[in-house]
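Student:
Residue numbers (the UniProt record's numbering): 1 to 72.
(1) First and last residue of the alpha helix (DSSP H) that includes residue 56?
(2) Looking at the structure shown, is residue 34 part of a helix, part of a strand, or coil, going by DSSP?
(3) Considering Cα atoms alone, identify which of 53, 59 and 14 is closest to residue 41.
(4) Please go through the same chain and pick out, in chain order, the residues whose beta-carbon is closer than 6 angstroms to the beta-carbon of residue 18, but skip the five residues on each side of it.
(5) Within the same chain, show all residues whose beta-carbon is closer than 6 angstroms to that of residue 11, passing over the 5 residues directly before and after it, in chain order.
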């Protein structure tokens with residue numbers, strides 16, 4: 001599990017709380033919080049929604065999976 005501090009930092013630059021952001025994405029706050037904490041990874045569709053709102057690449061959520069797979 002790797003915390004996604006970058007996600008929190010970018011969200012905060014938009015002056016949004018976890019609750020605001022979760023509502024915008026139509027997910028429970030606990031689900032969104034688990035994404036920031038690195039406990040869970042959003043679906044591709046939700047990752048794309050987050051990326052569009054925050055103006056980031058959606059694949060950033062899955063970069064660790066690519067690295068883990070390529071190192072095996």
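By construction, the Cβ of each residue, glycine as well, lies at the ideal position given by its N, Cα and C atoms.
Tutor: Once the coordinates are examined:
(1) Per DSSP, residue 56 belongs to no alpha helix (DSSP H) and is neither H nor E.
(2) helix
(3) 59
(4) 29, 32 and 33
(5) 21
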